[in-house]
Every structure is written in structure tokens, then in C-alpha cells.
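Numbering (our numbering), first residue to last: 6 to 96.
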């Protein structure tokens, strides 16, 4: 693992404890983009603890952009899943 700046040892310890509590699988994730105070998108990096893991210790998954849904014809509708209701109960 890479060295951690002062004060980070407690964070590293908590990360280690959290990882070792997993029974079968452990999923570590992080946001790819966040908004700063000026409402600008900022690309984020993984936690230094995730970045410090050896490459063979995990599988990295990449997020792909979703396809655009097809355009509806004039007056077209989407069918909502049943658990969302029919859209008429808007109290």
C-alpha cells in the first residue's frame, strides 16, 4: 500500500475493518463526477485507499453511457411499472 499522509492512519484502519467485515463479496464504489460550489462538474478520483490496492486484488468495472431512449410520437406514452401507479394519484 502507498503511504498515507499524517492523520490518515485512522482512516486506513477503518477502511481495513470495513473491508474485512465482508462475508462473500465486497463492492467498493465512488462517484465519477461531482459538482463544486460554482456548479461546475469535477471529475473525481477513487479514494486513496482504493487506489492503493494492488491491481490483482480487485476487478475494475467501467460505467458506460446509457443509450438515449427512443423519441415518442406526438401523444405517445410510456407504460410505468406497476409499483409506480398509473400516474393519476397525484395528491
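All C-beta atoms, glycine included, are put in the ideal place defined by N, C-alpha and C.
So, with DSSP's three-state summary, where would you put residue i?
i, result
"residue 26", "coil"
"residue 42", "coil"
Once you ignore the five residues that flank residue i on each side, which residues in its own chain have a CB closer than 7 angstroms to its CB?
i, result
"residue 41", "47"
"residue 60", "none"
"residue 52", "35"
Hey, residue i and residue j are a contact pair by Cβ (cut 8 angstroms); roughly how many whole angstroms apart?
i, j, result
"residue 49", "residue 36", "6 angstroms"
"residue 24", "residue 32", "Not really, about 11 angstroms apart at Cβ, beyond 8 angstroms."
Taking the alpha helix (DSSP H) that residue i belongs to, which residues open and close that run?
i, result
"residue 53", "53 to 56"
Excluding the five sequence neighbours on either side, which residues of its own chain have a C-beta within less than 6 angstroms of the C-beta of residue i, listed in chain order?
i, result
"residue 39", "47 and 49"
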